[in-house]
Each structure stands twice: as structure tokens, then as C-alpha cells.
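Protein chains: 2
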Amino acid sequence: MKTLLKGGTVVNVFTDELEKANVLIEDERIIGVGDYSEADADCVHDVSGKYICPGFIDGHIHIESTMMLPAEFARAAVLHGTSAVVSDPHEIANVCGSEGIEFMLEASEGLPLDMYIMVPSCVPATSFDESGAELSAADIDPFYRRSRVLGLAEMMNYVGVVSGDKGVMDKINSAKAKGKVINGHAPLLSGRDLDKYVAAGIRDDHECSSADEAKERIRKGQRVMIRNGTAARNLYGLIDLFDDPWNRRCLLVTDDKHAADLIANGHIDDIIRLAVKAGKSAVTGIRMATLQAAEAFGLKNEGAVAPGYSANLAVLDDLDSVSVCDVYHLGKKVVSAGKLEEFENPKISAALKERVLHSFNLSSLCEKDFHIAASGIRKCRVIDLVKHQLITEEALLDIDFSNNNGVDTEKDILKLAVIERHRNTGHTGLGFIRGIGLKDGAIAASVSHDSHNLIVIGTGEADMAFAANRVRGLGGGMVVIRKGSVVAEMPLPYAGIMTDSPASDVAKQNEAVRESVHALGVPSDIEPFMTMAFVSLPVIPKIKMTTHGLFSSESWSIVPLFAD
Amino acid sequence: MKTLLKGGTVVNVFTDELEKANVLIEDERIIGVGDYSEADADCVHDVSGKYICPGFIDGHIHIESTMMLPAEFARAAVLHGTSAVVSDPHEIANVCGSEGIEFMLEASEGLPLDMYIMVPSCVPATSFDESGAELSAADIDPFYRRSRVLGLAEMMNYVGVVSGDKGVMDKINSAKAKGKVINGHAPLLSGRDLDKYVAAGIRDDHECSSADEAKERIRKGQRVMIRNGTAARNLYGLIDLFDDPWNRRCLLVTDDKHAADLIANGHIDDIIRLAVKAGKSAVTGIRMATLQAAEAFGLKNEGAVAPGYSANLAVLDDLDSVSVCDVYHLGKKVVSAGKLEEFENPKISAALKERVLHSFNLSSLCEKDFHIAASGIRKCRVIDLVKHQLITEEALLDIDFSNNNGVDTEKDILKLAVIERHRNTGHTGLGFIRGIGLKDGAIAASVSHDSHNLIVIGTGEADMAFAANRVRGLGGGMVVIRKGSVVAEMPLPYAGIMTDSPASDVAKQNEAVRESVHALGVPSDIEPFMTMAFVSLPVIPKIKMTTHGLFSSESWSIVPLFAD
């Protein structure tokens with residue numbers, strides 16, 4: 002079956018030229034670019050006046066953070082010209098281990114975009130995490146035999162790399178020996194420590210926030226992934242990298258992307274569009290998001306409109322607005338005039354689905370599980386949120402336990418619980434948090450980085466217990482509770498972090514949950530569930546809550562609640 | 002063992018910047034680039050005022066064409082900053098098959114430069130060639146397991162690729178399936194045929210002679226190897242490729258390089274130097290010859306001065322003159338202030354050496370083997386040389402066999418013989434050649450592309466037989482004979498195409514042989530042995546001599562000597 006795309010202008014990512022040329026496709030591949038005619042093809046698509054560019058590649062994304070299954074993510078992303086994503090199933094692996102990765106492989110088979118997988122390198126993220134699984138080098142290695150597995154995902158444990166930790170180096174050396182890519186994640190690492198990190202074989206990073214930081218990486222041989230997702234938005238900080246020579250060593254990634262943002266603003270197309278608005282060249286952006294992404298991952302036949310390359314194409318109505326009209330994946334038209342061609346969901350084996358849909362292993366909870374055994378006024382370590390940032394400060398506050406076991410909504414001091422939910426150990430970290438603004442009820446979620454234990458913030462023990470049990474009952478999700486009833490909720494039954502709903506429903510539910518929290522007093526510029534999801538991540542400074550209690554990144558240890 | 006290179010300026014091939022930085026090496030690798038000090042190292046080399054660039058990589062060379070064994074080639078090449086060559090042992094494979102490739106692997110083990118191997122794709126070059134071996138896809142495949150084997154060498158049979166010949170496609174598909182590189186060789190291929198050739202997975206070419214030809218390749222996704230060797234010199238024709246965006250998809254190669262040229266002018270350094278003289282940037286040239294060559298072959302840790310990269314470095318006194326002062330290979334100083342650090346020759350197993358040193362399988366010859374059975378005047382097809390080109394024309398001339406069996410030195414019509422020498426079949430092609438200018442005696446050689454049979458050009462049967470027997474007696478070489486005695490000779494006992502003499506001796510002997518031929522009447526602007534070596538190559542138009550007789554590339558068949 003031969004298809005001709007006729008009359009268009011090809012974006013040549015090898016030369017940055019715009020070439021008037023017809024594109025001839027046979028089955029899954031491009032076989033010619035030039036003066037081919039109707040006589041050469043079985044089927045002709047007129048793309049006169051349009052631009053044909055390679056389909057976009059997102060070099061680093063966590064699909065779980067979209068809260069959608071891969072198929073639903075694909076339905077939303079291909080509309081924006083995405084042909085491939087390199088995904089790191091770090092979240093589901095922290096819940097379900099190797100089976101979680103298997104699930105993602107099965108759930109992304111045969112989609113209208115290529116979903117490549119990097120095997121999570123840091124499960125659990127730290128030894129203080131109680132995750133649902135641990136992945137050693139021996140657990141990781143078998144995945145490298147799978148054709149869609151490209152390497153080892155973001156090596157967040159840069160301390161382990163720099164210090165030469167054996168478990169960490171085993172994973173790195175095994176990936177290197179097999180010729181696999183190793184992604185980096187080492188914000189602000191510089192100088193000698195960066196040299197050590199790069200020398201270990203980690204040749205990219207997506208955590209750069211300033212052009213100076215990024216330029217040091219590039220000089221040392223790393224590729225820089227310019228990240229602009231829903232939460233972390235580094236494009237403007239790194240906009241200079243679109244200039245020569247820097248752009249040659251960069252690609253475009255989203256890392257985390259939420260459904261509403263994906264629908265409203267787009268995906269990789271959005272990053273290019275924003276760069277064009279900031280005065281940069283669309284062709285440079287397209288090259289970064291296609292050929293250079295493919296080269297970074299050793300994908301020899303992806304990322305260009307040229308003979309022998311996969312017929313993964315985004316046809317644009319206009320170059321500078323990156324307005325995606327048609328999308329081809331492996332020669333098949335998957336988007337026509339902005340409309341998705343429907344496809345069947347991948348078949349997932351029953352056992353894997355069962356495993357992922359039953360990731361909760363936790364007995365039901367009661368009020369006393371949220372009670373802190375203390376009386377009178379005690380000086381406590383309180384997690385003090387910093388607005389619009391993931392880092393927190395430690396506040397030493399006098400907590401009056403005689404009143405509502407220390408909760409004081411006037412002073413915005415709320416109770417916080419992180420409950421181990423993978424092995425029913427009963428481990429629960431209890432303490433206080435300031436800066437959320439909730440005046441009534443409780444919120445709970447099973448999305449809590451990186452171990453995705455059950456996290457609850459509330460104004461009272463009854464609502465906290467109710468909220469926790471409700472999330473447990475849903476098999477995962479986000480809930481808002483007031484006076485013993487559900488105000489809003491979003492079920493996330495897949496590993497407690499994803500739903501099988503389509504993007505539009507995910508966006509709506511997410512919005513409803515958020516709105517309901519604001520009605521309970523949380524200021525409109527605070528995203529309580531996103532904030533809460535990072536309160537349990539020990540690797541981010543300075544003080545976080547784990548299932549073992551408060552963790553200080555400064556002392557790199559569990560610290561007591563009481564400071565008196 | 003840590004070594005510091007202190008005070009130099011690093012040529013950063015990622016950014017094209019010149020950076021004042023110290024380079025810290027541990028054992029074989031660079032571990033840091035920056036403000037390292039004496040305190041960090043066991044050993045310090047002051048390179049103040051000098052430039053530190055990655056060692057140069059020749060992306061395509063036939064070592065056999067230097068007539069030197071790999072060790073002697075290395076002794077000459079490392080002085081010019083060469084750290085790696087990607088070699089195609091096509092010549093020895095045509096003589097000794099797989100054993101020839103094994104020999105080259107053993108003979109290049111542990112040298113002060115990395116000798117990578119591409120497995121010859123076209124042994125024999127055509128079905129009309131009587132080579133010493135045939136290499137099928139099954140013969141080639143086992144070599145891909147060897148760490149220094151990077152892929153399939155230049156696919157000269159572009160007709161076979163374009164037409165989808167099974168044997169050819171088997172070799173290509175096997176290399177592709179194993180993720181190996183496939184080098185191209187398809188001069189002047191363009192348009193739809195080029196699309197087919199590239200679509201097969203052949204992503205480079207070194208045969209481009211004009212910028213327009215090269216630009217079409219680059220647009221279609223091929224890398225262009227800018228070739229400037231001893232014989233084919235394409236630099237000036239391709240000099241525009243040093244400009245943006247073209248230089249990003251180019252590397253520098255020599256293909257064929259002779260000892261005298263290597264000693265007098267240099268290697269890859271010479272190409273960069275010539276480009277600088279033509280107004281181009283040295284840094285661009287260095288980038289093409291290092292990082293880009295490494296990327297083309299998937300050599301992840303080669304071609305840059307950066308943490309984790311092999312400590313293969315060329316230290317230059319001056320950038321624009323590319324004057325190589327010191328050279329490091331895997332952290333070891335192999336050239337100091339322009340002087341080679343001596344090293345032992347690689348050990349070669351006795352059986353392989355024996356095989357290669359006894360590549361002649363040919364009974365001794367006598368005058369009548371060079372006699373053409375004809376009488377009177379006959380119209381004959383005569384190979385008409387085109388000065389300074391490898392192509393030939395066919396002349397239809399009246400040959401008077403009554404006089405010296407057709408030889409006429411007045412009209413410069415000499416006798417030509419190509420004698421099968423691998424299996425003693427007795428196959429001999431006999432005919433005439435015009436344009437050499439030899440007035441007396443005979444010349445013979447076992448260097449004759451691509452099958453390296455025994456080729457003889459002479460003014461009489463006695464001297465031709467003597468010359469042929471002399472080459473046979475040497476086990477290979479080039480000889481100049483006059484009146485039954487040796488005027489000059491160069492033994493090439495290794496597969497009949499190489500010697501174990503050092504470069505300076507090879508250059509001298511080669512010069513002596515050439516000079517002696519000029520004394521016998523050959524004009525000074527003709528290189529008779531090089532010309533003769535291509536008279537037997539059927540793939541080059543228009544008419545050539547094989548062991549089966551004259552071959553016409555126009556009819557792609559053996560054609561009779563007599564045209565009347």
C-alpha cells in the first residue's frame with residue numbers, strides 16, 4: 002500500500018530547509034521524498050499549502066502523572082502531533098514493581114503513538130521510602146530485552162552516583178554494558194560533582210532551570226531536555242538554548258502533564274509554539290523535538306521525513322502556530338483535519354490488570370489512627386509550605402494538644418498523615434502542616450510521591466479517617482470530605498494513581514475536586530492535591546512526612562515530631 | 002593513575018567554544034574538565050598555550066591501500082593526531098576471505114589508535130571477479146559479535162540494492178537487525194534510485210564529488226564523508242559543506258592513503274589544515290573529524306574532551322595549522338613533542354600469518370602464457386586510458402599480430418594480462434592497453450582491484466613472463482623488469498598487498514619503483530602501478546580486463562578481444 006502526500010512543504014530537520022516535495026509512503030515507512038506523482042501511489046492525500054514535519058517526540062514524561070492510562074493519553078496527545086513518548090513508569094513501579102512496568106508495556110501496545118519505556122532507576126526513591134516494591138539491577142535487566150525499552154530512567158540518586166554507591170553503580174553499569182541510554186535527573190549539580198555524574202555515563206538532564214546551568218551540562222557532553230510541563234515550566238528560563246550552538250544538544254520534554262493542560266494547550270507542539278512567540282525559530286524547535294530526540298535515544302529510523310524513516314508525520318496548517326491538522330503513525334492516518342481516528346484499547350492480560358486494580362493492601366482506619374498521643378502544649382516540628390514551590394521549611398511551633406489534638410484552623414495548622422498502604426504494616430507518619438488553608442473537613446489521596454502511600458490532611462480525626470477509608474474503598478483516588486460525607490472525589494483505581502476515563506473527564510473531575518477544596522477555604526492560588534502529593538517526597542528539601550514520620554533532608558534522617 | 006593536562010585550551014566540540022580548562026584523566030578516561038589542579042593528579046603535563054582536542058577519527062580507510070600492516074600505519078598516523086580509524090579490510094578479504102579479516106583484527110589489537118572494522122560487503126566485487134574468497138551474509142554475521150566490528154562496509158553494489166537483490170539485501174538486513182552501521186558507496190546516485198538506496202538503511206556515502214551531490218545526500222538523511230586521500234581528493238569540490246547547516250552531517254575520511262603522502266602531508270589533520278587554508282573554521286573541521294565521526298558510528302564515548310570520554314587527545318601547538326604536538330590514546334601519551342613512543346607489534350597467530358603470507362596459488366608461467374593466438378591484422382578492443390582518471394574508453398584498433406604479437410610501442414599499444422592467482426585455475430585475460438607509455442620491459446603487480454590477481458603490462462612476452470614469475474616468487478609485490486632482470490621491486494608478501502616495512506621504507510620503495518618505470522618511458526604524470534591496479538576493476542566504466550578477458554561495463558558482460 003503506497004500513499005502519496007502531495008503538494009506540501011517538507012520541514013527538513015537535517016538541513017533546516019523548507020522543501021516543496023511530495024512524500025511517498027509504503028506501509029509503515031517513508032520510501033521517497035521528491036517529485037513523486039499520483040502514478041506512484043495507491044492513495045493520494047492533498048496537503049497543498051501545508052507543512053509536513055516529523056511527528057513530535059516527548060523525550061521524558063511520566064504517563065501516570067496525567068492520571069490517564071496510556072490509551073487515553075494517546076487519544077489526547079496524537080491530536081497535537083505527538084508520534085512518540087519516552088516514558089518513565091516510575092510511579093506505577095513504586096506501587097506495583099515489575100508488574101507495574103509490564104502493565105504499562107501491555108497498556109501501550111499498538112497505540113497510534115510509540116510509547117518507549119525507560120526502566121525506573123530509583124524504586125524506592127530513598128531507603129526511607131516505603132514503596133510497594135524494590136527494583137534492583139537484577140530486576141531491571143530483563144526489561145532491556147524488550148524492543149520498546151530504551152534504557153534506565155532518570156537517575157535521581159545523584160548522591161549515590163557521585164559517591165559510587167554499589168547498588169546505583171550496578172544499575173548504571175549494567176545499562177551501559179548493554180548500550181542503553183541512562184537519563185539524568187540532578188538539579189543544580191555542577192562542577193566536580195557534575196563531572197562525576199556525567200563520567201558515570203549519564204548524558205542528559207531535564208532538571209535545568211537556568212541557561213547557565215544548562216550550558217554547563219552541554220559543555221560537559223550532556224544533552225539538555227528543555228522541560229515545559231504542567232507543573233515545572235522551564236521554557237522561558239532556558240529560551241536562550243534555542244540559539245546556536247546550544248539548540249544542537251537539546252530536546253523538548255514535558256515530564257509531567259495534566260489532562261486539562263494537554264487538552265487546552267497541547268503537548269510538544271505547545272512548547273514549540275511558546276518558543277516561536279518568544280521569537281525563536283519553529284524549525285529549530287521541530288528539529289529539537291524530532292531528529293534530536295531520536296538521536297538522543299538511538300532511534301535510528303525516527304524523527305525525520307526521509308527515505309527509510311518511519312512514516313510518523315505531523316501535517317501542520319501553519320508553521321509558526323504549529324497548528325496540527327493531520328497526523329500519520331507508521332503510515333496510517335491517525336488524525337484527520339484535527340479529528341482523531343478511533344482505535345481499540347490495547348488488550349491487557351487479566352492477571353496484570355487484577356494486580357494493578359488491587360494495589361491497596363491496608364486495613365480500614367479509625368479516628369484513633371489519626372490521634373497523636375500528647376497533651377498540653379508541646380514544641381513541634383511543623384512542615385511549613387512555601388507557596389508555589391515543592392520545597393518546604395521547618396517551623397518550630399507550640400502546638401496545643403488540648404484543643405482538637407493540636408489542629409488550629411485559625412493559625413492554619415492542620416494535621417497530616419502518611420499511611421503505608423502497600424503491605425498493611427500499619428506504619429503511619431503523623432504531624433502538622435501549615436500553609437494549605439483548609440478550614441473544614443479533610444482531603445486524602447493515594448497520589449503521593451514517590452511511594453504513593455495514602456496521604457491525608459485534615460481539620461479533624463473523624464473526617465481524616467473517613468477520607469482515608471474512602472480512598473481505600475475506591476482502590477485509590479483523591480477525595481474531599483466534610484462532616485462525614487463526600488464533597489467531591491476522583492477515583493484512580495489503577496495502582497491508585499490512574500483512571501481509565503478519557504482526558505476530558507479526567508480534566509473535569511480534577512477541576513471539580515480542586516474547586517470543592519477552595520470552597521472549604523483553600524486559597525485559589527494553591528493546588529492542594531498537587532502540593533500534598535509532594536509533601537511525602539523525602540528527596541526534596543527540607544522537611545517531609547514519610548510513613549516513618551518526619552524526614553529532614555538536611556540531616557538525611559527521620560526526625561521526631563517533638564522538638565522540646 | 003591520574004594525569005592532569007594543565008594550562009591548555011580545550012576545543013569543545015559540543016559548543017564550538019575554546020575553553021581555558023584543565024583536563025583530568027584517570028587511567029583510560031577523562032574524568033574532569035575544569036579547574037582541576039596538581040593536587041588532583043599523580044602526574045601533570047603542562048600544555049600551556051596549546052590546544053587540546055579529541056583525537057581525530059578517520060571514518061573510512063582501507064589500511065591495505067597504504068601497503069602497510071596496521072602497526073606500521075599506526076606508527077605514522079598517530080603522529081598526526083589520529084586516535085581511531087574505521088577500516089574496511091575489503092582488499093585482504095578479497096584475497097583471504099574471513100581469515101584476512103581475522104588477520105587484520107589480530108594485527109590491529111592494542112595499537113596506539115583504535116582500529117575499528119567494517120566487514121566487507123562485496124567480496125567478490127562482482128560475479129565476474131575471480132577473487133580469493135566469497136563472503137556471504139552467513140560469513141559476515143559472526144564478525145558482528147566482535148567489539149571492534151561496527152558494521153557492514155561500503156555497499157558498492159548499489160545496483161543490487163536498488164533492484165533488491167536477495168544476497169545483497171540479506172547482508173543489509175542482517176546488519177540492520179543487529180543495529181549495525183552500513184556504509185554507502187554509490188557515486189552519482191540520485192533521485193529515486195538514491196531514495197531506494199537510503200531507504201534500505203544506508204546512511205552515509207564517501208563518493209560525493211560535488212557539493213550539489215552531497216547536499217542531496219544530506220537532505221535525504223545520509224551523512225557525507227568528505228574524502229580527501231592520496232588518490233581521490235574531494236575536499237575542494239565539497240568545501241562548501243564546511244558551512245552551516247551542512248557541516249553538521251559530515252565527517253572527514255581518506256579512503257586510500259599512501260605512505261609517502263601520510264608522512265609528508267599528514268592524515269585527517271591534513272584535511273582540516275587544507276580546509277582552514279580554504280577559509281574554513283578549524284573548530285568545525287575538528288568537530289566533523291571527532292564527535293560527528295563518533296556519532297555516525299555510535300561510538301558513545303569517543304570524539305570529545307568531556308567526562309566519561311576516552312582519553313584520546315591530540316594536543317596542538319596551533320589551531321589553524323593543526324600542528325600536532327602530543328597525542329594521548331586511552332590516557333597514555335603515545336606521541337610526545339612530535340615523537341612517537343615506541344610500542345610492540347601485536348602478536349598474530351602463526352596459522353593466520355602463514356595463510357596471509359602464502360596467498361599465491363599459481364604455477365609458474367612461461368612466454369606462451371602471454372601469447373595471443375592470432376595472425377595478420379585484426380580489429381581489436383583496446384583499453385584506452387583516460388589520463389588521471391580511473392574510467393577507460395574502448396578503442397577499436399587494427400592490431401598487427403605479425404609484429405611482436407601485436408605490441409607496438411610507437412603507438413603505445415602494450416600487452417596486458419590478468420592472471421588468476423588464488424586457485425591456480427590458469428584463467429588468464431589477455432589483451433591490449435594504450436596510454437601507459439612504457440617503451441621497454443614489463444611491469445607486474447599483485448595489487449589489482451578488487452580481486453588482487455596478478456596483472457602484467459609489457460612490451461614483450463619474455464619480460465612479461467619474467468615479471469609475473471618474479472611477483473609470484475615474492476609472494477606478491479610490484480616489479481619492474483627489463484631484458485630479463487629486475488630493475489626495481491617492492492615485495493608485498495602479506496596477501497600480496499602489504500609489507501611489514503615501516504612507512505618511510507614503503508614510501509622509498511614505492512618511489513624507487515615508480516621512478517624506474519619513468520626511466521622506461523612512462524611519462525612523469527602517469528602513476529603506472531596505480532593506473533594498472535584499477536585496470537582490472539570491472540565496476541568502473543567502461544572497459545576493463547578480468548581473468549576471463551575484457552569486461553564491458555556498458556553491456557555488463559565479458560566481451561571478445563576481436564571486434565572484426
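Chains A and B are the protein sequences, given in the same order. If you read the first sequence in the numbering used here, its first letter stands for residue 2, the second for the next number, and so on. If you read the second sequence in the numbering used here, its first letter stands for residue 2, the second for the next number, and so on. For every residue, glycine included, the Cβ atom is placed at its ideal position computed from N, Cα and C. Please read all numbers here as calculations on a predicted model, not as lab measurements.
Strictly below 9 Å CB to CB, what residues from chain B border residue i?
i, result
"A200/A", "E27, R30, I31, I32, G33, A307, P308, G309 and Y310"
"G436/A", "What G436/A touches in chain B: nothing, since even the nearest Cβ is about 40 Å away."
Note down, in chain order, each residue of its chain lying with its Cβ closer than 6 Å to the Cβ of residue i, except the 5 sequence neighbours on either side.
i, result
"A138/A", "D171, K172 and S175"
"N158/A", "C123 and V169"
"F243/A", "A276, K281 and T285"
"Y329/A", "A312 and L314"
"H268/B", "A78, H81 and T83"
"A375/A", "F402"
Measure the alpha-carbon distance for residue i versus residue j and round it to whole angstroms.
i, j, result
"L5/B", "E343/B", "22 Å"
"I426/B", "S360/B", "This sequence places Thr at residue 426/B; Ile is not what is there. Their backbone Cα atoms lie some 14 Å apart in a straight line."
"M533/A", "G430/A", "14 Å"
"W557/B", "A295/A", "42 Å"
"A468/A", "I482/A", "6 Å"
"N346/A", "L439/A", "40 Å"
"K559/A", "K388/A", "Contrary to the premise, residue 559/A reads as Ile rather than Lys in this sequence. Taking the straight line joining both Cα atoms gives about 24 Å."
"L292/B", "M69/B", "27 Å"
"V12/B", "I53/B", "6 Å"
"V523/B", "V457/B", "15 Å"
"A513/B", "I26/A", "58 Å"
"E29/B", "S128/B", "45 Å"
"E110/A", "I118/A", "11 Å"
"G477/A", "E20/B", "53 Å"
"D319/A", "K51/A", "7 Å"
Using a C-beta cutoff of 9 Å, does residue i count as contacting chain A?
i, result
"R149/B", "no"
"D196/B", "yes"
"E214/B", "no"
"K301/B", "yes"
"E296/B", "yes"
"G332/B", "no"
"G180/B", "yes"
"E208/B", "no"
Using a C-beta to C-beta distance shorter than 8 Å, which residues of chain B count as neighbours of residue i?
i, result
"G222/A", "F15, A305, A307, P308, G309 and Y310"
"I219/A", "F15 and T16"
Here's a check: name, in chain order, each residue in its chain whose Cβ is nearer than 7 Å to the Cβ of residue i, leaving out the five neighbours to either side.
i, result
"N235/A", "C209, S210, I227, R228 and N229"
"G377/A", "F402 and S403"
"A75/A", "L112, P113 and L114"
"P503/B", "E73 and R76"
Looking at chain B, is there any beta carbon in it that lies within less than 9 Å of the beta carbon of residue i?
i, result
"G477/A", "no"
"W247/A", "yes"
"G165/A", "no"
"E155/A", "no"
"E39/A", "no"
In chain B, which residues lie less than 7 Å from residue i when you measure between Cβ atoms?
i, result
"R250/A", "F15"
"R146/A", "By Cβ distance, chain B contributes nothing, its closest Cβ being about 14 Å from R146/A, past 7 Å."
"G192/A", "G35"
Assign residue i to buried or exposed, taking buried as 16 or more other Cβ atoms, counted over all protein chains shown, within 10 Å of its Cβ.
i, result
"I272/A", "buried"
"N362/A", "exposed"
"Y37/A", "buried"
"L189/A", "exposed"
CB of residue i to nearest heavy atom of the ligand MG: below 8 Å?
i, result
"V488/A", "For the ligand MG, the structure offers nothing, since it holds no ligand at all."
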